[in-house]
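Residue numbers (our numbering): 742 to 867. For glycine and all other residues, C-beta sits at the position ideal for the given N, C-alpha and C. None of the values given here were measured: they were computed from a predicted structure. First up is the structure itself, then whatever we jot down about it.
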Amino acid sequence: MPDNDPVKYMYELAQRAFTKFGMNVTLPKDLEDLLRDAGFENIQCVVKKVPIGPWARDKTLRVIGMYQKMAVQDLMPILPGRPFTALGMSQIESQVTLAHARQALGDTRVHRYFHYFFWFAQKPKK
742 MPDNDPVKYM YELAQRAFTK FGMNVTLPKD LEDLLRDAGF ENIQCVVKKV
792 PIGPWARDKT LRVIGMYQKM AVQDLMPILP GRPFTALGMS QIESQVTLAH
842 ARQALGDTRV HRYFHYFFWF AQKPKK
């Protein structure tokens, strides 16, 4: 997403807000050390681009993109509560931010996606 994308801005705010509550939303990309510390070996990570919205050419990815867009839209109503309030945002500022993000999600010319991290590892034989 471009730097000035309203959806990206909303997610950056959400990440900052969740960090204030002790959550690390970027943890999935950094699981290798945790898996190794837990005793796993042959650790591998596969990163997949998951579309946000039905813009993908592949039929399956279009369906996944529609579901991903719905998941983003389902997250939006909770953000003006404690998360954005924790950042010192007013309700009006929160609602304007979300309105811009909702409008941007409707633009299928912008090909937004998330990176999903799939980890595989083996427990060693004893």
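Whole-Å CB distance - residue 791 paired with residue 857, under 8 angstroms assumed: Start at 1 with the first residue of the sequence shown, and residue 791 comes out as number 50. Start at 1 with the first residue of the sequence shown, and residue 857 comes out as number 116. The Cβ separation is near 5 angstroms, so the contact holds.
State the CB to CB distance for the pair residue 824 and residue 758, rounded to an integer number of angstroms; the pair is presumed to be in contact (CB under 8 angstroms). Taking the sequence shown and counting its residues from 1, the one referred to as residue 824 is at position 83. Taking the sequence shown and counting its residues from 1, the one referred to as residue 758 is at position 17. With 8 angstroms as the limit, residue 824 and residue 758 qualify as a contact, their Cβ atoms being about 4 angstroms apart.
Just grab the DSSP bridge partners of residue 773 for me. Walking along the sequence shown from the start, residue 773 turns up at place 32. According to DSSP, residue 773 bridges with nothing at all.
Integer Cβ distance of residue 802 from residue 817, believed to fall under 8 angstroms: The count along the sequence shown starts at 1 and reaches residue 802 at position 61. The count along the sequence shown starts at 1 and reaches residue 817 at position 76. Residue 802 to residue 817, Cβ: 23 angstroms. No contact.
Consult DSSP for residue 743 and reduce its assignment to one of helix, strand or coil. Mapped onto the sequence shown, residue 743 falls at position 2. Coil at residue 743, not helix or strand.
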